[in-house]
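Numbering (the numbering used here), first residue to last: 532 to 1017.
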Amino acid sequence: MRRTSARRSDPAGGERVLILSAGVGAGHNSAAAAVEQACAARADIAEVQVLDVLQVSSPLYRALVGKGYFVLVEGLPWLVEWGYDISDPPFRRRGPIDPWTRANSVPVIDAIKRFRPTAIVCTHFLPAQLMASLLLRGVIDAKTAVVTTDYDFQGLWLTGAFHALFVAREEGRVAVTALGLPPDRVTATGIPIAGQLDGAPARNADAPPMLLISAGATGGDYAVSVVRQTMHMRSAFTATIVCGRNDALRRRIEELVAPAGDRYRVLGFTTEMPQLLRTADLFVGKPGGLSASECMAAGLPMVLVNPIPGQEVRNGDYLMEQGAAVRCNTAATIGWKIDEVLREPGRLQRMQAAAWRTGRPDAAADVLAGLLDGPSRPLVVTRAAQKTILAASEQRIVATDLTGPASLVRLVDSAAGSTVAVLQAEELDVLQKRYATPNGGLVLRRGRASVSLRWEPLRLLRAMLSGDDALPVRVEELSTPPLSPG
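This is the structure:
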């Protein structure tokens, strides 16, 4: 666990922010680091801790979750794609956390109890699911955010309780609200990335275009094919190749490009990436959520190679849709594809402009603002409502098309105006019998729920009341979600 201090100006001591990630690849931890960096810019944050939940789990659990994924990516990519698709439907899993994961979460719960956070930011779905369980059990009362790290929203990130959900793009926000989640709890901020360099050198329009070829943090062997194909290009260019922590890959590429003189620059792991992103003209590599977001924020278009099935393929689809990327599906066409971009007058400049439009450099700050300045009570999605949302998704219909007892309604905090629950209509009937007021609203009260109710009222009331004895709410029917912000 990392701990950093921030300026303390709040009379009550300031916010205590806990950032939870999981080291499955570099992206989730990079997003956590970006949020940590953004915390330093807020005077109301007194202390920050960052915790990779896998680092405090058992070695076997860490190996299976963290390393097992990449073993499958290399050896059985079709299984990765199948796993992505099978876990995509929202709320497919509605039960409690499995016993093995729960056992490995004990150190995380202990860390939370020691730190006593007022806000928790989750940049991976594993801690997000755990935080939902703790909110519903009354173990924590911190404001909790779920922050997705890919452009395409995956239903696996949805949990039964949270304060704010931050997605990467507007289409993801529309998709989630179409399922029935309230618009006041879902925001399209972009993916959190580290702050951009002030005064960093810009691209040199008079020099040959510079390619930035990335093998990723661990150094993927596909980079050899990429470099070999660029050696057949007809266009003028220079290239910087980043091999990550793979020293053997670096040596292979150095030997490969040695006859080309100083056209190629080969690096291992480097801290120069922010500068390289600003000075390069075209990025060649995988469309991971964080690397793609960093490129877009720097106005750097991408040539996509070797995407991981599932999220990276979908990331690439979005970038190509925006006009900020092209994709190579076979190694033999990489040089030709790059040549096509460089040789067509104005094409590279149009792609750079598209990248600038797509970038969201302030995403980390927007996440913090949305969470800390947002509702103090969590949103609870009952298990019955989760079942309805899953069924609607499988039938390819939106929540506003639902009718009958399984349709959805929302409870809204009468004083704050924020949605505190999504539930089935038949669950509302039970609530109205116990908590109805003469004006047609409801006043939820602690201690007046019967344990015989089918929708687990103790969990619902504990989370919604958040320490209060009573909560006036109004009932809202679902309306068609807006197609644009505001």
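Yeah, the Cβ is synthetic: ideal placement off N, Cα and C, and Gly gets one too.
- Message: For residue 873 and residue 815, I'd like the C-alpha separation in whole angstroms.
- Response: 13 Å
Item to check | For residue 926, three-class secondary structure by DSSP | outcome: coil
Under the three-state DSSP convention, the category residue 842 falls into:
helix
Which word fits residue 743, buried or exposed, when buried means at least 16 other C-beta atoms lie within 10 angstroms of its C-beta? buried
Reducing DSSP to helix, strand and coil, say where residue 643 ends up.
helix
Discussion item. Just verifying my parser: in three-state terms, what is the DSSP assignment at residue 675?
Written reply: Assigned with DSSP and collapsed to three states, residue 675 falls in strand.
Next item on the list: Taking only the alpha-carbon atoms, compute the straight-line gap between residue 838 and residue 755 and give it to the nearest angstrom.
Entry: 16 Å
Query - Entirely enclosed alpha helix (DSSP H) segments - the region 734-787, minimum 4 residues - result: 753-761
Mind checking whether residue 548 and residue 642 have CB atoms under 8 Å apart? No, the Cβ-Cβ distance between residue 548 and residue 642 is not below 8 Å.
Under the three-state DSSP convention, the category residue 891 falls into = Coil.
- prompt: Between the Cα of residue 582 and the Cα atoms of 563, 570, 569, 1005, which residue gives the shortest distance?
  reply: 563
Practice prompt. Between the Cα of residue 843 and those of 819, 860, 850, spot the shortest distance and give me the residue it belongs to.
Written response: Selected option, being the one with the closest Cα: 819.
Return the first residue and the last residue of the beta strand (DSSP E) that residue 826 is part of. Per DSSP, residue 826 is not a residue of any beta strand (DSSP E); the alpha helix (DSSP H) it occupies stretches across 820-828.
With residue 945 and residue 1003 assumed to form a contact (beta carbons below 8 Å), what rounded beta-carbon distance in angstroms separates them? 4 Å
Per the DSSP calculation, residue 651 is bridged to which residue(s)? 549, 675
Quick check on the burial criterion: 16 or more other C-beta atoms within 10 angstroms. Buried or exposed for residue 955? buried
Once the 5 residues before and after residue 997 are set aside, which same chain residues still bring their CB inside 8 Å of it? 672, 907, 908, 909
Checklist entry - Can you give the Cα-Cα distance for residue 904 and residue 777, rounded to whole angstroms? => result Between the C-alpha atoms of residue 904 and residue 777 there is a straight-line separation of about 43 Å.
Item to check | Three CB pairs or more closer than 8 Å across the region 874-883 and the region 675-693 | outcome: No, they do not touch.
- For residue 871, the first and last residue of its enclosing alpha helix (DSSP H): 865-874
Contacting residues, own chain, Cβ-Cβ under 7 Å from residue 984 (five flanking each side not counted) | Below a pLDDT of 50, predicted positions are generally treated as unreliable, and residue 984, at 49, falls in that range; the measurement from the model is reported next regardless. Cβ within range, chain order: 961.
*asked:* How far does the beta strand (DSSP E) with residue 579 in it extend, from its first residue to its last?
replied: 576-583
- Helix, strand or coil at residue 556 according to DSSP, with G and I counted as helix: coil
With DSSP run on the structure shown, which of helix, strand or coil describes residue 986?
Residue placement at residue 986 is poorly supported in this model, since its pLDDT is 49, which falls under 50; the coordinates still yield a value, given next. Residue 986: coil per DSSP, three-state reduction.
Indicate whether residue 659 and residue 670 have their beta-carbon atoms separated by less than 8 Å. no
| field | Exposure of residue 781, with buried meaning 16 or more beta-carbon neighbours within 10 Å | value | buried
Next item on the list: Report yes or no: do three or more beta-carbon pairs, one from the region 881-891 and one from the region 825-835, lie closer than 8 Å?
Entry: The region 881-891, when compared against the region 825-835, does touch it at the 8 Å Cβ threshold.
Check your understanding: So the alpha helix (DSSP H) residue 810 belongs to, where does it begin and stop?
Key -> 804-810
Problem - Pairwise C-alpha distance: residue 792 and residue 769 - result: 11 Å
task: In the DSSP assignment, find the alpha helix (DSSP H) that holds residue 913 and state where it starts and stops.
output: Going by DSSP, residue 913 is part of no alpha helix (DSSP H) at all; its letter is neither H nor E.
- Task: Report yes if the CB atom of residue 621 is closer than 8 Å to the CB atom of residue 921, and no otherwise.
- Result: yes
Per DSSP, residue 1005 is paired with what? 943
| said: Give me the residue from 561, 545, 544 with the minimum Cα distance to residue 822. | reply: 561
| task | Look up residue 481 in the DSSP assignment and say whether it is helix, strand or coil. | result | Since the displayed the chain opens at 532 and closes at 1017, residue 481 lies outside it and no answer follows.
* Asked: Rounded to a whole number of angstroms, what is the C-alpha to C-alpha distance between residue 615 and residue 841?
  -> 6 Å
Check your understanding: Which value, in whole angstroms, describes the spacing of the CA atoms of residue 826 and residue 917?
Key -> 36 Å
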